[in-house]
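Working notes for the structure below.
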Amino acid sequence: MNHRTHYRCLRPVVSAAILLFVTFLCSPAFCDQTSVLGESGTEPTFLDVAYGPHPSNTLDFWRAPSDTPAPVIVQIHGGGFKEGDKSSFRHDVDAIRLCKSKGVSLASINYRFIDAAPIQDILRDSARAIQFLRYHAADWNIDKPRIICYGDSAGAGTSLWLAFHDDLSDPDSADPVLRESTRLYAAGALAPQATYDFAAWPAVLDIPQLVWHCCSWHISPAYYHIPGYEAYGKNGQKLRSELDMLSKIDRGDPPIYISSTQVYTPLTFGNLGSLAHTAALQWLADHKVIAPEKVKRDSGINFDILHHPAHGHMLEKTCRERGVPCTAVYRDTPPEKRTDLFAFFFARLGIPLP
Numbered sequence: 001m002n003h004r005t006h007y008r009c010l011r012p013v014v015s016a017a018i019l020l021f022v023t024f025l026c027s028p029a030f031c032d033q034t035s036v037l038g039e040s041g042t043e044p045t046f047l048d049v050a051y052g053p054h055p056s057n058t059l060d061f062w063r064a065p066s067d068t069p070a071p072v073i074v075q076i077h078g079g080g081f082k083e084g085d086k087s088s089f090r091h092d093v094d095a096i097r098l099c100k101s102k103g104v105s106l107a108s109i110n111y112r113f114i115d116a117a118p119i120q121d122i123l124r125d126s127a128r129a130i131q132f133l134r135y136h137a138a139d140w141n142i143d144k145p146r147i148i149c150y151g152d153s154a155g156a157g158t159s160l161w162l163a164f165h166d167d168l169s170d171p172d173s174a175d176p177v178l179r180e181s182t183r184l185y186a187a188g189a190l191a192p193q194a195t196y197d198f199a200a201w202p203a204v205l206d207i208p209q210l211v212w213h214c215c216s217w218h219i220s221p222a223y224y225h226i227p228g229y230e231a232y233g234k235n236g237q238k239l240r241s242e243l244d245m246l247s248k249i250d251r252g253d254p255p256i257y258i259s260s261t262q263v264y265t266p267l268t269f270g271n272l273g274s275l276a277h278t279a280a281l282q283w284l285a286d287h288k289v290i291a292p293e294k295v296k297r298d299s300g301i302n303f304d305i306l307h308h309p310a311h312g313h314m315l316e317k318t319c320r321e322r323g324v325p326c327t328a329v330y331r332d333t334p335p336e337k338r339t340d341l342f343a344f345f346f347a348r349l350g351i352p353l354p
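Heads up: the sequence shown begins at 1 in the working numbering, then just goes up one per residue.
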């Protein structure tokens, strides 16, 4: 038998041995014993753990070195429920190092996007991720009551929805994960939306109803995966109520942090006319009808209705009216009154910072 024939005979055996070795390295038992993904550094302890039935229902987990059950701060990425990924949090090495040094574990999660599920189901993906963490509290050394969520944009709105919603636990569920609580210990919202009842946005943003109905009202029901006219019927009203964070705020909810630092521009007809004029000039410049320098933008005007500070103002106002502790930071908040997101979390957890 020459060496090539000998290699062909052994190749299946070698392949099987390699497969067994890789399987062993990735097994939960091995991970539990060695924390193979960098417990002492900033890489996740557990990577791409499935918390639900859908391929996008995955999370990363950083286990803090602690002799007692550790609180968990969960990051939920933004992206309009259309894009984004939990992997972005792995670059926030300062936050990871700080939390682990203080005995606080971390998680970041993925969820379905709007092309695969309506927003009312996407939000429950994140709720299930919280339940999954609590279900694994003993194995992962988690302090079950002290779970905090935060995120930006869509992640901010999701965190607020979890913070204000009544507990979604189902003690009679055949799925043991769903028997766990979804309640939070605190929530952080960076550039949030005040509600996912989009019909309420004209009141939140003080947008003229005519402008809203001409521009956006027909787009928002697509997030519910129902026709526009159904969003205003009986079933649509019930669905929108379920997604209205503002209506769910009550005294028993956890403290929240809001950061909404864009320019506050009243969305009046005059300002909206200026926006239309600028947009028209930009179109002409893009099509080489006019020179690009003819397009003049006013940096002091903001028409981002998704992240407009009016969302933050409405959230803060409603929280204060209903007795929910709220720390808010806006563009004009004086430096001496500004609180950092993680400083807020650590104060809530009773953990001193330098």
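For each residue, glycine too, the CB sits at the ideal point set by N, CA and C.
Values in this document were obtained by computation on a predicted structure and should not be read as measured data.
Taking a contact as a CB-CB distance under 8 Å, the pair Tyr-223 and Ile-114 counts as one, their CB atoms being some 6 Å apart. Between Val-329 and Arg-338 the beta-carbon gap is near 5 Å, inside 8 Å, which marks them as a contact.
Exclusion of the five residues before and after Ile-96 leaves Thr-42, Trp-62 and Leu-106 as the residues of its chain whose Cβ lies within less than 7 Å of its Cβ. A Cβ-Cβ distance of about 5 Å is found for the pair Gly-52 and Arg-128, placing them in contact under the 8 Å criterion. With 16 or more other CB atoms across the displayed protein chains lying within 10 angstroms of its CB, Tyr-135 is buried.
In the three-state DSSP reduction, Gln-193 falls in the coil class, being neither helix nor strand. Rounded to the nearest whole angstrom, the C-alpha separation of His-165 and Leu-243 is 9 Å. Apart from sequence neighbours up to five positions away, the residues of its chain that approach Glu-230 with a beta-carbon distance below 6 Å are Gly-236, ordered along the chain. For Gln-75, DSSP records a beta bridge to Ser-108 and Tyr-150.
Collapsing the DSSP output to three states places Tyr-257 in a strand.
Around the beta carbon of Leu-205, a 10 Å sphere encloses 16 or more other beta carbons of the protein chains shown; the residue is thus reported as buried. Taking a contact to require three or more Cβ pairs closer than 8 Å, the region 342-351 and the region 290-310 do not qualify as touching.
Close CB contacts of Pro-71 within its chain, under the 6 Å cut and outside five residues either way in sequence, are with Val-104, Asp-143, Arg-146 and Leu-349 (chain order). For Val-329, there is no enclosing alpha helix (DSSP H); the enclosing beta strand (DSSP E) has its first and last residue at 326-330. The region 252-262 and the region 183-200 touch, with no fewer than 3 CB-CB distances between them shorter than 8 Å. In this structure, the CA atom of Asp-250 is about 7 Å from the CA atom of Val-324. Contact annotation: Asn-57 and Asp-125 have beta-carbon atoms nearer than 7 Å.
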